[in-house]
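Asks: Once you've had a glance at the structure underneath, I'll fire off some questions.
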Amino acid sequence: MKLINANKKFILKNEEITILNNVSIEFKKGTMYLITGHSGSGKTTLINILGLIDKLDTGKLLIDNIDINNLNNKEIVNIRKEKIGFIFQDYCLNEYLTAKENIIVPMLVNKNIKSKDRNNIAINLLEQFNLSNRANHLPKKLSGGEKQRVSIARALVNNPKYLICDEPTGALDKKNERIVFEYLKKLAKSGICVIVVSHSNEIKKYADKTYILEDGIISEVKNEDN
Amino acid sequence: MKIIDCFKTSIIEIKRNFKYLFMFFISFFCLVILIISLTISFTYKNRINTNKKYNPLLNMVSVDFDFENIKEEDILDKINKLKKINHVTSIIHQKYYNSGGTIDEDKHEIISLQPLSSEWKLPSSTYNKPLKEDEIIIPKKFYKKQYNWLEDDIDEKDIIDGDTLVNKTISIYVDVIDCEKGEIIDIKKYDLKVVGTYDPTPLGLMMYHGFTSLETTKKIHEASLINITSIYESNEKYYLQVDNYKNLNYVRNEIKKLGYTDTGSLMFIMPEYEKTYATTMYIISTVTIIFCIIIKYLFNKKMIFENKKLIALNIVNGYRIKDLVCIETFKNYIIDFISLIINIFVVIFAINLYNKNMPKIVMAGYVPKFPIILFLILFIVLYLIEYIINKIIIKKLLKNNLSNLLNEE
Ligand SMILES: Nc1ncnc2c1ncn2[C@@H]1O[C@H](COP(=O)(O)OP(=O)(O)OP(=O)(O)O)[C@@H](O)[C@H]1O
Ligand SMILES: [Mg+2]
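Here it is in structure tokens:
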């Protein structure tokens with residue numbers, strides 16, 4: 126996944142907020158990226174662009190060497206479905222569906238998964254995230270950490286190549302934070318590109334590369350571990 | 002997304018989200034009003050149409066001559082001219098409509114006789130040949146006791162299955178009145194052969210109206226009045242039987258051309274006010290539909306906008322707009338579907354209750370009707386309405402930036 130000469134601005138009344146100023150950056154598979162920056166620097170906007178939720182003003186976004194600007198709606202829908210998984214700070218679970226059903230939701234539009242296999246895939250994922258005994262619970266009966274694990278499992282059902290996480294541990298305690306980061310690290314090792322926005326210090330131990338977004342410019346921060 | 006998955010998802014959400022119970026009540030309330038008003042309009046509409054088609058009384062024009070200054074030969078001459086008008090099948094003096102008698106000597110059981118011109122076909126009639134002398138067609142459900150017809154409960158025992166009397170003779174006792182003395186001087190008996198039955202309800206006729214040929218009615222009537230004074234003759238009208246309701250205006254115009262007074266008929270008024278009734282009910286139905294669509298739109302919009310985060314998330318999950326519209330449409334349509342099914346039973350129950358509790362003779366002609374085909378149409382129309390409403394709302398929602406939808410609390 127590549128950004129080339131990317132520009133993004135918001136214009137609020139008279140004020141102009143520059144989020145990306147001629148940014149070029151590459152995110153590779155099998156790597157875990159951390160993006161930091163002070164509040165309001167545009168981290169969410171940046172990863173929304175990477176996750177096809179938001180659009181660039183100018184510049185190019187290449188996903189697996191495909192220029193997003195050249196795609197029609199249907200092709201964009203397919204890329205969202207097949208290549209990208211998203212994790213949010215507030216989990217975004219459907220409160221009327223059980224943990225298992227929430228995980229099944231993205232599979233319903235995936236033609237590559239047969240309907241009879243869905244249940245098994247969901248159960249396997251729940252097992253991987255230590256949630257087997259929570260499969261039939263509604264989100265309101267789950268703890269924050271459990272909810273976030275459900276939402277990670279949901280992001281993974283369609284086997285995305287890119288997993289984009291916006292402050293995935295913002296609402297979790299230290300212990301759960303570590304659990305989530307360990308899962309993310311494992312996923313990165315298995316060949317997925319994991320991009321995490323976080324304020325946590327904890328994650329610095331896990332990230333392969335750390336970037337800081339400031340005044341529209343992204344620069345790499347050298348990790349003392351690496 | 003496959004339809005079956007869309008359906009399953011909808012079902013799960015309806016079952017677990019209690020807000021859909023509220024949506025159900027709205028849907029139910031709207032459908033009740035709609036179906037009641039449609040039932041009333043259809044009942045009237047149906048009554049008007051069957052009357053136009055079958056009721057001989059409705060298809061008549063009455064003509065008034067200036068009887069006081071006219072000679073008998075002149076009347077005959079005029080009648081002959083009227084007879085030549087196109088579409089006029091027969092002409093009969095108004096007074097012959099008053100014939101009737103009792104069918105038992107104790108005078109409790111009354112039958113009223115109406116002349117039927119040979120071209121007329123009565124609703125559900127089992128006998129379609131022209132009537133000969135002393136032949137009679139009686140109602141399918143024949144009720145003989147006239148005197149307590151206003152009472153609420155008519156004893157089912159007093160209602161006879163008319164078909165069992167076919168080919169039998171019934172005797173009619175007619176009082177012979179001396180008009181000068183003003184008293185009954187004799188009772189005459191006529192034997193009439195029942196040749197068939199008809200259904201009086203669509204015509205709004207009571208269950209004791211029999212039809213005989215013009216000649217028979219005339220014969221019975223004339224025999225029952227003796228020494229008729231001019232009071233009985235003057236200022237009475239002639240009825241022109243017209244072959245079809247559509248030709249009434251043509252005939253009325255022809256009468257005017259001849260220079261006679263067309264006085265219309267009481268029966269002209271009936272369909273007019275019933276038409277107003279039916280139209281009023283159609284207007285109520287239309288207003289209900291519009292009102293309900295607005296209500297539906299507002300509530301659906303509220304539900305969808307409350308859910309906007311999940312809807313946006315599903316876009317991120319790779320759902321197409323089509324899939325989202327499908328889920329929202331199904332959720333609402335399933336609710337409408339259930340409330341419509343319940344409504345069908347409510348309507349059947351209410352109509353039965355009405356039929357049971359109304360005096361049978363009084364309600365003749367007001368048979369509540371709700372065509373089954375309309376229910377089928379409603380099932381389809383409801384789906385279309387839900388589809389359009391939900392599509393509009395989802396499109397409206399997705400005009401917002403996806404990132405805004407996801408970030409808003
Ligand atoms: N749709 C929008 N329209 C206008 N301005 C926006 C929009 N979205 C974000 N902004 C502005 O862009 C800036 C960056 O927002 P963003 O949410 O990307 O910051 P962030 O780095 O994620 O902050 P935080 O750490 O608080 O989550 C903010 O000043 C915000 O007000
Ligand atoms: Mg943010």
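Chains as they are written, first to last, in this note's numbering: chain A, 126 to 351; chain B, 2 to 410.
Cβ coordinates follow ideal geometry from the N, Cα and C atoms, glycine included.
Would you call the region 161-169 of chain B and the region 191-203 of chain B touching, i.e. three or more CB-CB distances under 8 Å?
Replies: The region 161-169 of chain B, when compared against the region 191-203 of chain B, does touch it at the 8 Å Cβ threshold.
Asks: May I ask you to report which of helix, strand or coil DSSP gives Ala224 of chain A?
Replies: Counting from one through the first sequence, the residue named residue 224 of chain A turns up at place 99. Residue state, collapsed to three classes: helix.
Asks: Would Glu120 of chain B and Glu216 of chain B qualify as a contact pair, given that the criterion is a beta-carbon distance under 8 Å?
Replies: The count along the second sequence starts at 1 and reaches residue 120 of chain B at position 119. The count along the second sequence starts at 1 and reaches residue 216 of chain B at position 215. Result no, Cβ atoms of Glu120 of chain B and Glu216 of chain B do not sit closer than 8 Å.
Asks: Do you know how far the Cα of Lys96 of chain B is from the Cα of Lys79 of chain B?
Replies: In the second sequence, residue 79 of chain B corresponds to position 78, counting from 1. In the second sequence, residue 96 of chain B corresponds to position 95, counting from 1. Going from the Cα of Lys79 of chain B to the Cα of Lys96 of chain B covers about 18 Å.
Asks: Tell me whether Phe213 of chain A is buried or exposed, calling it buried when 16 or more other Cβ atoms sit within 10 Å of its Cβ.
Replies: If you number the first sequence from 1, residue 213 of chain A lands on position 88. It is buried - the Cβ of Phe213 of chain A has at least 16 other Cβ atoms within 10 Å.
Asks: Classify Thr103 of chain B as buried or exposed, calling it buried when 16 or more other Cβ atoms lie within 10 Å of its own Cβ.
Replies: Counted from its first residue, the second sequence places residue 103 of chain B at position 102. Burial call: buried.
Asks: Is there a Cβ from chain A that is less than 8 Å from the Cβ of Thr277 of chain B?
Replies: Working through the second sequence from its first residue, we reach residue 277 of chain B at position 276. For Thr277 of chain B, the answer is no, since every Cβ of chain A falls outside 8 Å of its Cβ.
Asks: Helix, strand or coil for Val175 of chain B? Go by DSSP, reduced to three states.
Replies: On the second sequence, position 174 is the one that residue 175 of chain B refers to. Here Val175 of chain B sits in strand by DSSP.
Asks: State the DSSP-derived secondary structure class of Glu120 of chain B, mapped to helix, strand or coil.
Replies: Residue mapping note: residue 120 of chain B aligns to position 119 of the second sequence, counting from 1. Coil.
Asks: Hey, how far is the Cα of Ile349 of chain B from the Cα of Phe306 of chain B?
Replies: Counting from 1 along the second sequence, the entry for residue 349 of chain B is found at position 348. Counting from 1 along the second sequence, the entry for residue 306 of chain B is found at position 305. Straight-line Cα distance between these residues: approximately 38 Å.
Asks: Taking a cut-off of 7 Å, which residues have a beta-carbon closer than that to any heavy atom of ligand 2, in chain order?
Replies: Those satisfying the condition are, in chain order, A:Lys168, A:Thr169, A:Asp291, A:Glu292, A:Val322.
Asks: Ignore the nearest five residues each way along the sequence and tell me which others in Ser340 of chain B's own chain have a CB closer than 7 Å to its CB.
Replies: In the second sequence, residue 340 of chain B corresponds to position 339, counting from 1. Here the set comprises Phe25, Ser28, Phe29, Leu32.
Asks: Quick one: grab the DSSP three-state call for Pro57 of chain B.
Replies: For the purposes of this step, residue 57 of chain B is taken as the residue at position 56 of the second sequence. DSSP places Pro57 of chain B in helix when its eight states are reduced to three.
Asks: Ligand 1 heavy atoms versus the CB of Phe135 of chain A: any closer than 7 Å?
Replies: Working through the first sequence from its first residue, we reach residue 135 of chain A at position 10. Checking the Cβ of Phe135 of chain A against ligand 1 gives yes.
Asks: Give a yes or no on whether 8 Å exceeds the smallest Cβ distance from Arg205 of chain A to chain B.
Replies: One-based indexing of the first sequence puts residue 205 of chain A at position 80. Answer yes: the Cβ-Cβ gap between Arg205 of chain A and chain B drops below 8 Å somewhere.
Asks: Specify the secondary structure class of Val347 of chain B as computed by DSSP and reduced to three states.
Replies: Within the second sequence, residue 347 of chain B is the residue found at index 346, counting from 1. In the structure shown, Val347 of chain B sits in a helix (DSSP, three-state: H, G or I).
Asks: Using 8 Å as the Cβ pair cut-off and three pairs as the minimum, do the region 233-249 of chain A and the region 184-193 of chain A touch?
Replies: No contact exists between the region 233-249 of chain A and the region 184-193 of chain A.
Asks: Enumerate in chain order the residues of its own chain whose CB-to-CB distance from Tyr283 of chain B is below 7 Å, with the five nearest sequence positions on each side excluded.
Replies: Here residue 283 of chain B refers to the residue found at position 282 of the second sequence. Result list for Tyr283 of chain B: Ser42, in chain order.
Asks: Out of A:Phe135, A:Ile136, A:Gly155, A:Ser149, which one is the CA nearest neighbour of Glu343 of chain A?
Replies: Position 218 of the first sequence holds residue 343 of chain A. What sits at residue 343 of chain A in the sequence shown is Ile, not Glu. If we check each option's Cα against that of Ile343 of chain A, A:Ser149 comes out closest.
Asks: Tell me the DSSP bridge mates of Pro140 of chain B?
Replies: Counting from 1 along the second sequence, the entry for residue 140 of chain B is found at position 139. Beta-bridge pairing links Pro140 of chain B to B:Tyr199.
Asks: Is Asp324 of chain B close to chain A? Criterion is C-beta to C-beta, closer than 8 Å.
Replies: Position 323 of the second sequence holds residue 324 of chain B. True, the Cβ-Cβ gap to chain A drops below 8 Å.
Asks: Assess, as a yes-or-no matter, whether the region 285-298 of chain B is touched by the region 385-396 of chain B under the definition of 3 or more beta carbon pairs within less than 8 Å.
Replies: As far as the Cβ criterion goes, the region 385-396 of chain B touches the region 285-298 of chain B, which means the pair count is three or higher.
Asks: Kindly list, in the order they appear in chain A, the residues whose Cβ is closer than 9 Å to that of Arg321 of chain B.
Replies: Numbered from 1 along the second sequence, position 320 holds the residue referred to as residue 321 of chain B. What Arg321 of chain B touches in chain A: Asn198, Lys199, Val202, Val234.
Asks: Could you tell me whether the Cβ atoms of Asp179 of chain B and Ile186 of chain B are closer together than 8 Å?
Replies: For the purposes of this step, residue 179 of chain B is taken as the residue at position 178 of the second sequence. For the purposes of this step, residue 186 of chain B is taken as the residue at position 185 of the second sequence. The answer is yes: Cβ separation under 8 Å.
Asks: Find out if the Cβ-Cβ distance for the pair Ile132 of chain B, Leu375 of chain B is shorter than 8 Å.
Replies: Your numbering for residue 132 of chain B matches position 131 in the second sequence. Your numbering for residue 375 of chain B matches position 374 in the second sequence. The sequence as given places Leu at residue 132 of chain B; Ile does not occur at that position. In this structure, Leu375 of chain B does not lie closer than 8 Å to Leu132 of chain B by Cβ.
Asks: Let me see if you follow: with CB-CB separation under 8 Å, is Leu367 of chain A close to chain B or not?
Replies: This structure cannot speak to residue 367 of chain A, because chain A is shown only from 126 to 351.
Asks: Which residues in chain B sit within 8 Å of Cys217 of chain A, going by Cβ to Cβ distance?
Replies: By 1-based counting over the first sequence, the position of residue 217 of chain A is 92. The answer, in chain order, is Lys310, Leu311, Leu314, Leu407.
Asks: Grouping DSSP H, G and I as helix and E and B as strand, with all else coil, what is Phe30 of chain B?
Replies: Looking up residue 30 of chain B in the second sequence gives position 29. DSSP places Phe30 of chain B in helix when its eight states are reduced to three.
Asks: Could you tell me the alpha carbon to alpha carbon distance between Phe23 of chain B and Leu314 of chain B, rounded to whole angstroms?
Replies: Here residue 23 of chain B refers to the residue found at position 22 when the second sequence is read from its first residue. Here residue 314 of chain B refers to the residue found at position 313 when the second sequence is read from its first residue. If I take the Cα positions, the gap works out to 26 Å.
Asks: Rounded to a whole number of angstroms, what is the C-alpha to C-alpha distance between Lys20 of chain B and Gly270 of chain A?
Replies: On the second sequence, position 19 is the one that residue 20 of chain B refers to. On the first sequence, position 145 is the one that residue 270 of chain A refers to. Looking at the two C-alpha atoms, the distance is approximately 28 Å.
Asks: Look at the alpha carbon of Lys190 of chain B and the alpha carbon of Ile139 of chain B, and state the distance between them as a whole number of angstroms.
Replies: In the second sequence, counting from the first residue as 1, residue 190 of chain B sits at position 189. In the second sequence, counting from the first residue as 1, residue 139 of chain B sits at position 138. Answer to the nearest angstrom: the Cα atoms are 18 Å apart.
Asks: What does a CB cutoff of less than 8 Å around Asn203 of chain A pick up in its chain, not counting 5 residues either side in sequence?
Replies: Numbered from 1 along the first sequence, position 78 holds the residue referred to as residue 203 of chain A. Correct list: empty, nothing qualifies.
Asks: When you compare the CB of Asp189 of chain A with every CB in chain B, is at least one pair closer than 8 Å?
Replies: To locate residue 189 of chain A, count along the first sequence from 1; it is residue 64. Judged by the 8 Å Cβ criterion, Asp189 of chain A is not in contact with chain B.
Asks: Tell me which same chain residues have a C-beta within less than 8 Å of the C-beta of Ile352 of chain B, skipping the five on either side of it?
Replies: Walking along the second sequence from the start, residue 352 of chain B turns up at place 351. If we look at Ile352 of chain B and ignore the five residues flanking it on each side, its Cβ neighbours are Thr40, Pro369, Phe371.
Asks: Identify the contact partners of Ser404 of chain B in chain A, using a Cβ-Cβ distance below 8 Å as the criterion.
Replies: As a position in the second sequence, residue 404 of chain B is number 403, starting the count at 1. Neighbours of Ser404 of chain B on chain A, chain order: Thr169, Thr170, Asn173, Ile178, Asp179.
Asks: Return no unless some Cβ of chain A is closer than 8 Å to the Cβ of Asp200 of chain B.
Replies: For this step, residue 200 of chain B is matched to residue 199 along the second sequence. No, no contact with chain A.
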